[in-house]
Every structure is written in C-alpha cells, then in structure tokens.
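Enquirer: Structure incoming, see below.
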Amino acid sequence: MRGRSGFLQDMEQNGFTLQYMFDHYPFLPEERELGLHTVRRVRPDFSWQYQHRNGHYSLPLIAECYDQLKKEIPSFPRLPFTANELRQMFKKQLAMEEAGFVTVESVKVSRSVNPDTASQRKGRIEHLRSHWRKELLLAFRDAKSKINPRRANHFGTSIYPFLQLLPEEDYIDIMIMVMTTLPPNGEAMIVFAKDLGRKVQSRFCIKRKQKLGITALVTKVYDHYVELLASDGKVHNKFPREYWQELERDLLHWYAYGHQDVNWSDATTMQLGTFLANIMVSGMNIPKNAKNPLQQRLIPAVYHTYNYQSKRKIGFIKPHPMLTQILESDQNSSLIFDAFVMPTYCPPVPWTSPTFGGYIVVPTQLIRMEEGITKQRDLLDHCKEEDPSKLHVILDTVNQLGNCPWHINEEVLDVIISLFNSGGSTQLGVPPPPSAGPILPKYDPTGKTGIADRTAYNNDMRLARKTLFEMHSLHMDAEYKLSIANALRHRTFWFPHNIDFRGRSYSCPPHFNHIGSDTTRSLLQFAEGQPLGPNGFDWLKIHLVNLMGRNKCESLSERLRYANAHMEDILDSADRPLEGHRWWMKSDEPWQTLACCKEIAKAVRSPDPAAFISHLPVHQDGSCNGLQHYAALGRDVVGAASVNLIPHELPQDVYEVVAQKVEQHRLRDAANGLQIAQVLEGFINRKVVKQTVMTVVYGVTRYGARLQVEKRLDELEDFPKEWLTESARLISMAGYSVEWISPVGLPIIQPYHHIKYTNLKSGIQTVSVCNMDMQQKPHTMKQKNAFPPNFIHSLDSTHMMLTALNCYRKGLTFVSIHDCFWTHAKTVDIMNQVCREQFVALHSQPILENLSKFLLRKHSGLLPEKTKERERHLKLLDVLTRVPKKGELVVMSVSLALQHP
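Position 401 of the sequence shown, counted from 1, bears residue number 391 in our numbering, the numbering being contiguous throughout.
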C-alpha cells in the first residue's frame, strides 16, 4: 500500500495528476475501471469524470465564423440512404480495410480464352502461390533464427521484436501480394523496402485494434453516427465532429482510442523492408518451363540489379521476365490495390483529433509530414490540451470536404476506356501502350542489320529503354485510375481528406481523386444533384468556355455569347465524341469539356432547363491567388487591379498581360536577328507564361523568366515577400526553424533541416536512410526561400477553410482543389459571394502585424553572449519590428469586385 501511495506522490510532484492520467491515457474501458479501483484503495475519496474542454475561440476570425455557424447552422445535408443502408456500407468498408487490399477488374481488353485454358492457368498460379508459401516460410524462419534478439544495430533498435508482431503467415501474405503487383521494370530497392515495411506496420495496427476491441468500439459509435447523415436519421444541427464526440462521451465514456496507432521510425520501416526483400530474392523461385510447373528446375522469381539514373547507381528489385509473363497471362483481368488507395464505400469517420479520423482502422494522420518530423505533431497535441477549440476549424473543414458524396460519370468513362483500348491518344492525355513505343535497336558490327557503332548503339538503347519505361508507367497509371473508376460504377463513394503542414487539403486516396488530371476530374460528378435554377444553365455554359481556355479577358456576357454560338458544336461533341467534329478536343481541358458538353446537351433537351437536375461540378478558379494575397497584404491598388481584387468592367488577366510583354520583347529580338526569338514566333501565349507568373511569388528561381516577370511585379510597391525572406534568413541563421500560426489557429513549422544519412547494410544492398531529425541545424537556404510561398499557402488554405465552413452554413455542396472551388451550377453565385466575403474577413485582420508580434515573442529571449551572434540577434529583432508599409487599397472594395472565373 505504501508503494502505491509513494508512486502517486512522485507522479504528482512531476506535474502529472490522476485526473490528467485518466483523461489522456488510452485505457481500455475495463482497464480504466481496474485502475480506478486500485487508486481508490489508496485514495477512497477520488472520483473521476472526464473533463471535456470545448474551449473558447480566442482568435477573432474563428470566433466570428463559429458564432455565425451556431446561430444559423442548418440541418446537416442528408444522404439518399437509410441508416441501415449506411451501416451495411460501413461493414463493407471495414471488411476491405481489415483485409488490407482489394481486387478490381482491369479495364484493359484481354484475349478471350476457353474455360479449360482459364482453369489451367488458374491452377498454375495457385500451385505457384502454394509453392512460394512453403519456400518463404522456411526462408523467413531461417533468417529470423540468425538474428540475436538482444543485440541492437547502429540505429539503436533490434529488428527481432518487429518479426514477432504478426503470425508468420501474415508476413508471407504481404511478400506474395507485393511480388504479384511488382511492375515489369521493377522498383527502386529503397521504395520497395519502405513499401514492404509500411504494409507490415499497417497490418499490425489493424490487428492490434481488433485485439484491443477498438474496432468494435468504433463500429458501435458509427452505428449511432449514421443518424446524423441518413435520410431517416433523427439527429439534427450537429457538426459531424461534435456529434461523434457526444457519442464517445455517452457510449464509451471518453475512451481515448484515437491514440492507439503506433508510429515507427523510417529506419525501423526500412530495416524491416530490406529484411523481407532479402528473403524474397533468395527464397522465391519459379519453374524455368512455365508450361510445366511440376518441373524440378527452378529459377529466381525476383532478382536484385542496378540501374544508372543521372549517373547515380540505383538498386532495383525486378521480377524475372518469366514471372511477368506468367502473371500477365494468368491474372491480367484483375489488379490488386491497398485498401487506402480506394475511395471509401461509406462516409468517412469524422476527424476528432490529429490522430483519429478518415478511415475506420487504416492508420492515418491529419497532417501529412515526413517521417521523423514530429515538432508540428507536438504543437498540435499542445493545442489540443490547452484549448481544443483551436483545432475545430481545421477538423470541421476536413470533415466537410470528406463528406461530399461522389458518383462516376459513366458516359465519359465509356469514351475514355474505348480510346484507351484502341491505342490511346497523347493529345488527349490517354497514354498509348508500350507496344506503340520505339523498337529496341540491334547491334551489328557489319552495319547490315543493326547499328555498327557501339557508342551510338548504347545511346540509342538507353533512350529507347527510357522511353519504354516512361510509356509503361504512364499506361499503368491510366489503367489503375480507369479500373478504379470502372469498379465504382453505380456506387456512391467518398474521399477522406487530410492536410499538409501549411493547411492545404488533399484527398487521402492517392491515385483516383478530384485533385488529379483532366481525365480523372472528368470522371467525377456530385452524387447529389440540384436543379439548375434561374442562373445555373448560364453558369454551365460559362464553365464550358473557361475549360476551353479561351476568352479569359472577356466579360461573362461575351463568354455566354460564345457558348451559344457554338451550341451546334457542343451538341455534336456530346452525341458523337469520337466520330463527329471533335470540337471538344480543341479545349485546354478536353475531357472535362466533354463532360460539360454532355451536361449541357441534357439540359437543352429537357422540358425545362431550369428544372434539370445537374450533377456536374462547376469550378471557380482563383485569379493568380498568390498575387491576390500579396496585393491585399500590402494594400497595393495597382497589384489588386491586375488580379481582379477591385471592380472592373472586364476581368483582368495578368498572365495575358505578361504574355504580351514577352511577345513585345520577342519581336524586338527577332528584328535584331536573334535566332531563338525568330524560332519562337507563334509560340508565346498565355499558357506558356502562366506557370512562371503563377510561381514567381512562390520563389521560382529560373533566372531569365524571373527577370521578365519581376518587371511586372515591380508595380507591387513594398512587396512583403522580401520582408518574409529576410526574416526567415535571420531566424534560421540563429538556429531556429521558422514557425507561425495561421489565422485559423493552425501551428506551422517549416520542416527544412540539414539531412543526415545513415547506411543500412542488408544482404543484397546498402541503403541510405534519411534522418529527418528536427533537432538538426535548420537549412537556411530552404528556410528563407520557402517562407514566402508557405506563408501565402497558409493564407490560401485559411481562406478555403473559411469559405468551406460558411458554404456549409448556407447548405452548399463545396469541395476545393487549393484555390479552385467547386459547387453546383445553381449555387455558384452564392459561393462567389461567400468567397469574396471571407477574403475580406481574412485580410481585414492585421495579418503581418500579428506575424511580427508572434515572431518577436518567439525570439525576444536573452541576448547571446558572443558579439557576432548578439549583433545578428539584434538585427533579427529590428527586421521583425519593421513590418512593410501598406498602400491605399480599401479591402472592403474586394466585396464589390466582379467574380471573374
């Protein structure tokens, strides 16, 4: 008894109270009861009740936003599914996540085979799998027996415990699955090993949750959570995060299961992966005669080799060509994907903390960050403990983006699959198959049947292989995306979201999502349709013209006139996309243009276009958003005028202005006889200069392009970028990473440090493991160059979050791709108004002044003793105090500006 009492006293003397321990330690419910029973034997009067802290919004921008949301919040949009249907969807999603992978049919057309041949092939691959299981199990046990469990390596850990976490059969399953998905050209050893290690980690996390009962607890909460989403649900006026937390309180008594995921170091993941890769290389064989698998002569199924990339020697794991042939002939109609690659079959689990949300059991983090970069995660945990409300805007925004249901645009998908299987089209972004690539050259010293010069032959062979490798990668990427889309036909699905360290949102599924290419975006439409209403049909037409990439400087009425003049082309494109005039192919975004043509055709032919139910997302893209934020920060009138922040009769296009200036220089140089200027005649246009103009405010360093564009940017008086750059340079030279807090309370720290590499020796290759330790010295060049773009991106993400939550308040469907916002055609006008209002609200805050105060508090410590360091520190404080002067722009005028999509 004295031991327990003394332990409690020591714990409290070190700042840990019993209340804190029971609030935050992830006890299982029965463990918590046992702990309370033990504590009460020493302290009978102790009682525990979870102290849930909602907190109060200390930042004005957040307080105003949430005050409005609480006053005007509508019922959460209902899904067209009953509660029981959503529960069935949940079970299907859970089964897929627990399996760890999913198999989908490929869209690639394969030769038909008779049933007997198909049966023989299936039997052959099953025989090989059985053979591999036996081989790998023996090799795994042998390799594990040679490890000394008590001996740590130079990373300070032993791999042995990580080989005990799962049943042996699970390690074997993972190796076989990875092998069967290995591309013919192989994968770099470092990528292959990391993938193997992460698959083991994911499998362990999922099984651990099953064993601890966490999966059952999440299922219990979700069973009630669907009442908020279902068409027959009985819960109203709650945020998803808010309602989930209420259910945690009522059903689980605040059991903190969100802390149960474990993080492995990059070194541990790599060690485990290289260990398994060694076993695969040495322990997997195939029969030399593929037609006779019972033949005793065997050859390695995978092997290790080296390739040279930009004069660097890169280790690769490659499948034997015979293995590729066997797999392609025996299972070419199916593809295997990790569970997290697929969109979810049910609404995502709402994010309630930085460590819990998105998927049901697949380990996921709210913030994407490099392995070893833990400082920002610590800052988030501190926010959660100090005032949970500081994270509510971030959590609620990510939940809202993830809760948007989607359908596949099957008409467009059919056209793309048809083109994919008929040879593809480079012009339309549908990659042709590798069979359409160059033929490998032959070497013949006589020169009769091949290349006689050895050097020329080697160069041609290298280029041909490089081209074929790139063609194969692009073709497989297209096959993956189209196959996933095909598997989602007739289904409703969702994209869980998370954010990067600056707050920019991304879809968790990496291959197929709305942030992808023109081809992928064209395949997606809102699952919930809305009537076009009085203005929606016009917005559909304007959206079409915007996708074409033309008329950027025209008024909205001129764009409408253009669309109406080409109505015959629009209908022909919709009806005969590959056989007609193919007008849609002239667009900058051809596949999205085709999808829009088909939507317009349906609306035109409906009895009443205003009543037509439209599912097509309409985009409103930012007008060079980086410059918009800089102009607003500096209150610069000229800059604001050039990027549509103040009213104009016609939209301003800074890209077109710069293109015209570059063309003037080209004409002058061509007249002076400069050959390159003469060659470029007809090539200088808006599209060519857009990337450079768009990124110049983000620190682009291409010298010639920068000189041209900065002549335009000289108009931005007292450009605040230089102040940000100099502040970051001095902060990093003082030994600190640049930190700041976004206007919605997201703590941000730049993850740029000098990197150390440690060599990891394995049986087949030495691998360099990157040590991304935040304790390392900051990388001054990266810190100073990255601060302006990262700061602007944090403002951009803040604006998106405010727009998203206020669109939610008004009942709009809203998704975003950074500064490009999507909604229904009917609600474009409302979204535009919200977008302007929130831009004004954001830039009505003293953003630069608040940044200056934060950095001064952060770095106004004791002066260094050494003279040089003291002078540098004083200079830093002086620079941080000198906030750039502002111009005469009245920010409220932005709300009066015309919205120019």
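Idealized CB from N, CA, C, for every residue including glycine.
Check for me: the alpha helix (DSSP H) holding Gln828 runs from which residue to which?
Expert: Per DSSP, Gln828 belongs to the alpha helix (DSSP H) from 818 to 833.
Enquirer: Nearest to Leu369 by alpha carbon, out of Val535, Val830, Ser732?
Expert: Selected option, being the one with the closest Cα: Ser732.
Enquirer: The ligand ZN heavy atoms versus the CB of Ala454: any closer than 7 Å?
Expert: As for the ligand ZN, it is missing from this structure, which has no ligand bound.
Enquirer: So the candidates are Glu54, Gln650, Glu671; which of them puts its Cα closest to the Cα of Ala660?
Expert: For Ala660, the nearest C-alpha among the options comes from Glu671.
Enquirer: Is the CB-CB distance between Ile166 and Arg119 below 8 Å?
Expert: A contact, by the Cβ cut-off of 8 Å.
Enquirer: Could you tell me the alpha carbon to alpha carbon distance between Val757 and Ile738, rounded to whole angstroms?
Expert: Spanning the two alpha carbons is a distance of roughly 31 Å.
Enquirer: Using only CA atoms, which one of Ile429, Gln3, Met461 lies nearest to Tyr447?
Expert: Here the closest residue by C-alpha is Ile429.
Enquirer: Mind pulling the beta strand (DSSP E) runs of 3 or more residues that sit fully within the segment 522 to 585?
Expert: For the segment 522 to 585, not a single whole beta strand (DSSP E) run of length 3 or above is found.
Enquirer: For Cys810, report the span of its beta strand (DSSP E) as first-last.
Expert: It spans 810 to 813 - the beta strand (DSSP E) in which Cys810 sits, taken as one unbroken run.
Enquirer: Buried or exposed: which applies to Thr915, given that a residue is buried once 16 or more other Cβ atoms fall within 10 Å of its Cβ?
Expert: Residue coverage of the chain in this structure runs from -9 to 891, which leaves residue 915 outside it and unanswerable.
Enquirer: Under 8 Å, do Gln773 and Lys746 count as touching if we go by C-beta distance?
Expert: Cβ atoms of Gln773 and Lys746: not closer than 8 Å.
Enquirer: Along the chain, which unbroken stretches of the beta strand (DSSP E) at least 3 residues long are found entirely within the segment 357 to 402?
Expert: Here the runs fully enclosed are 396 to 398.
Enquirer: Among Lys843, Tyr726, Ile269, which residue has its Cα nearest to the Cα of Lys134?
Expert: Ranking Lys843, Tyr726, Ile269 by Cα distance to Lys134 puts Ile269 first.
Enquirer: Report the start-end ranges of each alpha helix (DSSP H) in the segment 136 to 197 that is 4 residues or longer and not cut off at the edges.
Expert: Counting only runs of 4 or more, we get 158 to 170.
Enquirer: Excluding five sequence neighbours on each side, which residues of the same chain lie with their C-beta closer than 8 Å to the C-beta of Leu952?
Expert: Only positions -9 to 891 of the chain appear in this structure, which leaves residue 952 out of reach.
Enquirer: With DSSP collapsed to three states, give me the class of Ser497.
Expert: If DSSP states are grouped into helix, strand and coil, Ser497 belongs with the strands.
Enquirer: When the Cα atoms are used, what is the spatial distance from Ala129 to Tyr742?
Expert: So the two alpha carbons sit approximately 41 Å from each other.
Enquirer: From Gly801, Glu360, Ile406, Gly570, pick the residue whose C-alpha is nearest to that of Gln740; which is it?
Expert: The shortest C-alpha separation from Gln740 is found at Glu360.
Enquirer: So what does Lys308 bridge to, in DSSP terms?
Expert: Per DSSP, Tyr293.
Enquirer: In the structure shown, what three-state DSSP assignment does Pro70 receive?
Expert: In the structure shown, Pro70 sits in coil (DSSP, three-state: anything other than H, G, I, E or B).
Enquirer: Could you pull out every residue in the same chain whose Cβ sits closer than 6 Å to the Cβ of Val99, ignoring the five residues on either side in sequence?
Expert: Asn411.
Enquirer: Is there contact here, the segment 480 to 494 with the segment 320 to 335, by at least three beta-carbon pairs under 8 Å?
Expert: Segments in contact, yes.
Enquirer: With 16 as the cutoff for other CB atoms within 10 Å, does Phe(-3) come out buried or exposed?
Expert: The residue is exposed, with fewer than 16 neighbouring Cβ atoms inside 10 Å.
Enquirer: For Gln665, does the count of other Cβ atoms within 10 angstroms reach 16, so buried, or fall short, so exposed?
Expert: Result: exposed.
Enquirer: What runs of the beta strand (DSSP E), each 3 residues or longer, lie entirely inside the segment 210 to 260?
Expert: Entirely contained in the segment 210 to 260, not one beta strand (DSSP E) run reaches 3 residues.
Enquirer: Cα separation between Val208 and Ile350?
Expert: If you take the alpha carbons of Val208 and Ile350, they lie about 7 Å apart.
Enquirer: Suppose you measure from the CA of Gln355 to the CA of Ile326; what does that come to, to the nearest Å?
Expert: Those two C-alpha atoms are separated by around 24 Å.
Enquirer: For the alpha helix (DSSP H) that contains Lys774, what are its first and last residues?
Expert: Note, Lys774: alpha helix (DSSP H), 770 to 799.
Enquirer: Compare the Cα-Cα distances from Glu21 to each of Thr171, Phe152, Gly203, Glu859 and report the closest residue.
Expert: It is Gly203 whose Cα lies nearest to the Cα of Glu21.
Enquirer: Is DSSP giving Arg287 helix, strand or coil here?
Expert: Coil at Arg287, not helix or strand.
Enquirer: Give the single residue among Ile289, Pro874, Asn399 whose Cα lies nearest to the Cα of Ala622.
Expert: With distances taken between Cα atoms, Ala622 lies closest to Pro874.
Enquirer: Ordered along the chain, which non-local residues of its own chain (more than five positions away) have a Cβ less than 7 Å from that of Asn840?
Expert: No residues qualify anywhere along the chain.
Enquirer: Going by DSSP, what residue range makes up the alpha helix (DSSP H) through Ile474?
Expert: It spans 444 to 477 - the alpha helix (DSSP H) in which Ile474 sits, taken as one unbroken run.
Enquirer: Thr259: which of Asn275, Arg188, Glu125, Leu409 sits nearest, CA to CA?
Expert: The option with the nearest alpha carbon to Thr259 is Arg188.
Enquirer: Need the endpoints of the alpha helix (DSSP H) that Ile807 sits in, please.
Expert: Unbroken run through Ile807 is the beta strand (DSSP E), 805 to 807; no alpha helix (DSSP H).
Enquirer: Can you tell me where the beta strand (DSSP E) with Ile893 in it begins and where it stops?
Expert: Shown here, the chain extends from -9 to 891; a query on residue 893 therefore has no answer.
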